[in-house]
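S.K.: Residue numbers (this note's numbering), protein chains in the order written: chain A, 19 to 522; chain B, -3 to 394; chain C, 935 to 1227.
Here a beta-carbon is modelled for each residue, glycine too, at the ideal position from N, C-alpha and C.
Structure provided below as structure tokens; questions to follow.
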């Protein structure tokens, strides 16, 4: 029975795969194949039994996480940026459809006719009243006494069996098709120009796929694709450019840039400090409250726990907005109170050090409920006998915490803390919403503010500076950031496994 | 079972491939979407073509258009600001528009803003710029020179109340609002090359004139005549509390000013006396908004028909003008403009369209950082020179 | 009088011992809730900007709440329902997928198990700045063949969220499964159950706490997310709460602080309500699993 179903699914996969393949949808095709092959292995092979459980997750993971990463890696080796955004085929399509006004512009009024089999017939009339017939590919002059012409109420139309005139709303439906027509006429091309007329225009470029050259039809200059742009022998380029492979250029640029090197250390240090302080402070606060709330004899425990979870429940971007408002130097509530009581204004977000402190305060506010949650959970897992034994040995409360509670907590929580560290390391959203990396730093060689972390700095370099958006550069920097954080985390995981061996 | 599967797949495919009715898709911001939907309904009634207006927040619109078009899912028409056109043209995302005889109906400055390399890429409908908005109760006669403005500020300002002489959005990064100070005595953004196009390697934000203006600004900050760290929300708070005598702001604040009951007047920004003794009215950035056509659209003819015959009409242009309270780019509609719009237009004569070339991104970034530094007390010359250096490096001019 | 003194003598010391704790707790609660109280105050305050408002408003107005539900351009109720639907489905799907894979990692010994678990965790650390473009592309492609899953569909967004939910949640599940002794499943299998039946009938009920915790965490993560949602969803009827509220603030020149605050309060309150009944699972939830007993 299982085999029958598998057979059917396989058939569908193959059929769909062929469909996708003919349409060049390679990414989807690979995903489909992966799923199909995986399913077969999972069901047929005894040894691959676990795959049945893992397959759905793996598919989602591949599609939504691994693929973007692979795409990111691919982009980092290209020059995807403003001016080189489109694919080569898209640019060729654009350039081949570029038309300049003809020196002697002739305007033709037209009437469209459609047959039942959807074949097109056009009656074109130039300014002199001369009629032409066209099926979309050529222009055939009609003699005034041609049988097919019919004059009615002063307007001349076509009377061809099997064809009916297209007017009104139906004409509008036909327009996209008419737009694609390019009828050669003398030395020019006839194209749709407005709802009711065709106009002669000059086609500007022609692309030869065999030689991979774009030729300017007026000047006969040939353009070759160089570095993502069609370039003539004399160096003249045509806009727009297109995305193309540039190898390791983005990486070389990063490593050889004195400007990036100068700011890197400062930004990196702040990123690490930011992540560590955020995790350490929020964990300390969360743990303290977990300990406090763990006492079964404490009244209102449930109420406290719910109230303390509120910061975690509010959507980040609302909280960030409100905190930013409260920290406003002149009008924020904190400075208003401080001003009234102590006559002092703290430059919460405009001074480098204070801005960093403010960000940490906000992040602790946002994260300590989560830390409290996981600490509460972990505390449950420590057996009471250990505490008893410690008490019998004469250990005081603090000693008990330090030698019994904390090490056991660390075993369970260390991987999660590392995860939180990585999350804070990459927490673009919060930095961007509250300070956007500012305040600016004098002497910076790149747009790196005092509160910029690596990822917000990447955003500023790639998307808010230079000449527009530089996706290739951003992708390359992202990879380097990933290498950094993955290394730090992997080391952290290793160390936490050692903890387990010591205390577990 | 198998048949059912087949059936489902066939239906799914048919839904994709089948009847693709001609449809006009427009990306618009939420302010203009209702108007466009009504206009679209009219268009559908007249021509049978369905009009689908997709709504985005204004700040998302620019990149949403790029991402969608790149992926082949772009609209036929998009509303946008003229400074997006540089990026769009560089990426080949918009189509030149031929207004035919209607060209004469539009303000040349607005058309110029949407022109790149000699081709027009948008149908403009509104333009906006900063001007001086003052509280008539506190400032009976608006100052014509900056000295006059300073005198008023000093008389009126009282940080305790708080009361400020002049307020504008000078939060970190807001270079757009800071520009008037730089431009008055000779600062500029990009110079022109010999072909008349903008030259990204000729940056003028650190000229002596610019430094003069920035120093003037900083001294006013230090004297507490101008509040620091004012963002949009804070500006509204100042208006609501009647906490400033004068504002340098655009038409967007008028709604709040009216709600707060301020007896307001609008005039051009007072002339600043530069280091060479000449008086110059500070130049402001003009922003023009318009409709653009997607170069990958399959319905360009229909899109142009919609724009020329339904959008570029007196009724629509007047409606757009009233919706956004902006000066219309469509000249016949100016006759119906209210006094506020006309007053803002006074300053528009001293306006400079925001450069739309991609290098402008660096100007916003580094100019904003320079403002940040100046707000925090850094010497303006140092801050502006650093910004200029970084801009030139970022656009590969060094 | 004497009775009062006796009461004081009896309860006084206990009160003194307890009081500092409660005081400390209330101080931190103030820290936790102050911004939220601020938002609540804004939602009933007639003022229009954050900077101008006072903590205790001059008079209460419910206009902002009214605007939220009556303004046709901002279908707040629809946004809330969309968010609940998307976050709910994402959270449930996450729980199912992670339970399956967590179980596999815990119970089955296969080559590459350790490595793939580590890889799973590390993969989530990739800065997803460019992911938006990639995800847009892949969703568009999928949408061409299965319109229900493309751009601007809720199912598509759910799929994207699921992708990001796999890593850590699987690890948590695995840890928790590790603490359940195998003997239970083994005896079930001796009695003739397939491994899958043992999984569903025996294991899942035992690990309810971690299921609840992962549901909550994923639910909260999903409704807070707005960057991907703002790119992938279009048109006001499709939006989630976070993206819709963003309309209010991102609209550069409008003053809608009041309705924005009201929306935040309603959103937060509804999530809190969902969250309350699941609270009791949290105590024995999360990381109990990593400790091998």
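Output, in sequence order along the chain, the residues in the region 238 to 266 of chain A whose CB is closer than 8 angstroms to any CB in chain C.
M.R.: From the region 238 to 266 of chain A, no residue has a Cβ closer than 8 angstroms to chain C.
S.K.: What runs of the alpha helix (DSSP H), each 4 residues or longer, lie entirely inside the region 94 to 158 of chain B?
M.R.: You should have 104 to 109, 142 to 152.
S.K.: If the cut-off is 8 angstroms on Cβ atoms, which residues from the region 77 to 101 of chain A count as contacting chain C, listed in chain order?
M.R.: Answer in chain order: 78, 79, 81, 82, 83, 84, 85, 86, 87, 89, 90, 93.
S.K.: Does the contact criterion of 3 or more C-beta pairs under 8 angstroms hold for the region 151 to 160 of chain B versus the region 202 to 221 of chain B?
M.R.: They touch, by the three-pair rule.
S.K.: List the residues of chain A that residue 1003/C touches, going by C-beta distances under 9 angstroms, in chain order.
M.R.: Numbered from its first residue, the third chain carries residue 1003/C at position 69. Here the premise fails: no neighbours, minimum Cβ distance about 18 angstroms.
S.K.: According to the neighbour-count rule (16 or more other Cβ atoms, all chains shown, within 10 Å of its Cβ), is residue 969/C buried or exposed?
M.R.: The residue you call residue 969/C lines up with position 35 of the third chain. Buried is the call here.
S.K.: Tell me which residues share the same chain as residue 131/A and place their Cβ nearer than 8 angstroms to its Cβ, disregarding the 5 neighbours each side in the sequence.
M.R.: Sequence index remark: in the first chain, residue 131/A carries index 113 (1-based). Contacts found: 138, 139, 140, 141, 176, 178, 181, 182, 183, 184.
S.K.: Where does residue 336/B land, buried or exposed, given buried means 16+ other C-beta within 10 angstroms?
M.R.: To locate residue 336/B, count along the second chain from 1; it is residue 340. Residue 336/B comes out buried.
S.K.: Anything in chain A within Cβ reach of residue 298/B, meaning under 7 angstroms, just list it in chain order.
M.R.: Your numbering for residue 298/B matches position 302 in the second chain. The contacting residues are 190, 193.
S.K.: Could you tell me if residue 135/B is buried or exposed, where buried requires 16 or more neighbouring beta carbons within 10 angstroms of its beta carbon?
M.R.: For this step, residue 135/B is matched to residue 139 along the second chain. Buried.
S.K.: If distances are taken between C-alpha atoms only, which option among 109/B, 115/B, 80/B comes closest to residue 92/B?
M.R.: Along the second chain, read from residue 1 onward, the residue named residue 92/B stands at position 96. Taking only the C-alpha atoms, the option nearest residue 92/B is 115/B.
S.K.: Take residue 149/A and list the residues in its own chain whose beta-carbon comes closer than 6 angstroms to its own, dropping the five residues that flank it on each side.
M.R.: Locating residue 149/A in the first chain gives position 131, counting from the first residue. Around residue 149/A: 143, 160.
S.K.: Taking a Cβ distance cut-off of 8 angstroms, strictly less, list which residues of the region 342 to 354 of chain A are near chain B, in chain order.
M.R.: Those residues of the region 342 to 354 of chain A that come within reach of chain B (Cβ to Cβ, closer than 8 angstroms) are 343, 346, 347, 348, 349.
S.K.: Closest Cβ-Cβ distance between residue 359/A and chain B: below 9 angstroms?
M.R.: Here residue 359/A is taken as the residue at index 341 of the first chain, counted from 1. No, residue 359/A does not count as interfacial toward chain B.
S.K.: Using a Cβ-Cβ cut-off of less than 8 angstroms, give me the residues of the region 47 to 58 of chain B that come near chain C, in sequence order.
M.R.: For the region 47 to 58 of chain B, which is checked against every Cβ of chain C, the residues closer than 8 angstroms are 50, 51, 52, 53, 54, 55, 56.
S.K.: Taking C-alpha atoms, which residue in 19/A, 40/A, 264/A lies nearest to residue 61/A?
M.R.: Within the first chain, the letter at position 43 stands for residue 61/A. With distances taken between Cα atoms, residue 61/A lies closest to 19/A.
S.K.: In the DSSP output, which residue or residues are listed as bridge partners for residue 236/B?
M.R.: Position 240 of the second chain holds residue 236/B. Looking at the DSSP assignment, residue 236/B forms no beta bridge with any residue, so it has no partner.
S.K.: Does residue 317/A come within less than 9 angstroms of chain C when only Cβ atoms are used?
M.R.: Here residue 317/A refers to the residue found at position 299 when the first chain is read from its first residue. Interface residue, yes.
S.K.: Any C-beta of chain E within less than 9 angstroms: which residues of the region 451 to 467 of chain A qualify?
M.R.: Of the protein chains in this structure, namely A, B and C, none is chain E.
S.K.: What does a CB cutoff of less than 7 angstroms around residue 144/B pick up in its chain, not counting 5 residues either side in sequence?
M.R.: Residue mapping note: residue 144/B aligns to position 148 of the second chain, counting from 1. Same-chain partners within the cutoff: 266.
S.K.: For residue 224/A, list the residues DSSP reports as bridge partners.
M.R.: Along the first chain, read from residue 1 onward, the residue named residue 224/A stands at position 206. The partner list for residue 224/A (beta bridge, DSSP) reads 233/A.
S.K.: Name the DSSP beta bridge partners of residue 151/A, please?
M.R.: Against the first chain, residue 151/A aligns to sequence position 133. Paired residue(s): 141/A, 158/A.
S.K.: DSSP on residue 195/B, reduced to helix/strand/coil?
M.R.: Working through the second chain from its first residue, we reach residue 195/B at position 199. Correct three-state label for residue 195/B: strand.
S.K.: Taking Cβ to Cβ, would you say residue 325/B is nearer than 9 angstroms to residue 270/B?
M.R.: What you label residue 325/B is simply residue 329 of the second chain in a count that begins at 1. What you label residue 270/B is simply residue 274 of the second chain in a count that begins at 1. For residue 325/B and residue 270/B, no; Cβs fall outside 9 angstroms.
S.K.: Any idea which residues DSSP pairs residue 91/B with across the strands?
M.R.: Locating residue 91/B in the second chain gives position 95, counting from the first residue. Answer is 289/B.
S.K.: Using the beta-carbon of each residue, which ones in chain C are nearer than 8 angstroms to residue 447/A?
M.R.: The residue you call residue 447/A lines up with position 429 of the first chain. Correct list: 1161.
S.K.: Given this structure, state the Cα-to-Cα distance separating residue 73/B from residue 294/B, to the nearest angstrom.
M.R.: Taking the first residue of the second chain as 1, we reach residue 73/B at position 77. Taking the first residue of the second chain as 1, we reach residue 294/B at position 298. So the two alpha carbons sit approximately 11 angstroms from each other.
S.K.: Using a cut-off of 8 angstroms between C-beta atoms, extract the partners of residue 1029/C located in chain A.
M.R.: Your numbering for residue 1029/C matches position 95 in the third chain. None at all; the shortest Cβ gap to chain A is about 12 angstroms.
S.K.: For residue 240/A, which residues does DSSP report across the bridge?
M.R.: If you number the first chain from 1, residue 240/A lands on position 222. Residue 240/A is bridged to 233/A.
S.K.: In terms of residues, what are the limits of the beta strand (DSSP E) holding residue 349/B?
M.R.: Locating residue 349/B in the second chain gives position 353, where the first residue counts as 1. 347 to 349 is the extent of the beta strand (DSSP E) around residue 349/B.
S.K.: Measure the Cβ-Cβ separation of residue 212/A and residue 25/B and say whether it is below 9 angstroms.
M.R.: What you label residue 212/A is simply residue 194 of the first chain in a count that begins at 1. What you label residue 25/B is simply residue 29 of the second chain in a count that begins at 1. Not a contact, by the Cβ cut-off of 9 angstroms.
S.K.: Which residues in the same chain as residue 194/B place their Cβ atom closer than 7 angstroms to its Cβ, once the five residues preceding and following it in sequence are excluded?
M.R.: Taking the first residue of the second chain as 1, we reach residue 194/B at position 198. Excluding positions up to five away in sequence, the list reads 186, 188, 351, 353.
S.K.: So, is the C-beta of residue 996/C closer than 9 angstroms to a C-beta in chain A?
M.R.: Locating residue 996/C in the third chain gives position 62, counting from the first residue. Judged by the 9 angstroms Cβ criterion, residue 996/C is not in contact with chain A.
S.K.: With H, G and I counted as helix, E and B as strand and the rest as coil, what does DSSP make of residue 1143/C?
M.R.: In the third chain, counting from the first residue as 1, residue 1143/C sits at position 209. Helix.
S.K.: Closer than 7 angstroms by beta-carbon distance: list the chain C residues that pair up with residue 67/B, in chain order.
M.R.: Here residue 67/B refers to the residue found at position 71 when the second chain is read from its first residue. Neighbours of residue 67/B on chain C, chain order: 1070, 1071, 1074.
S.K.: Which residues in the same chain have their Cβ closer than 7 angstroms to the Cβ of residue 2/B, if we skip the five residues on either side of it in sequence?
M.R.: Taking the first residue of the second chain as position 1, residue 2/B is located at position 6. Residue placement at residue 2/B cannot be trusted, given a pLDDT of 45 that sits under 50; the coordinates are not used to answer.
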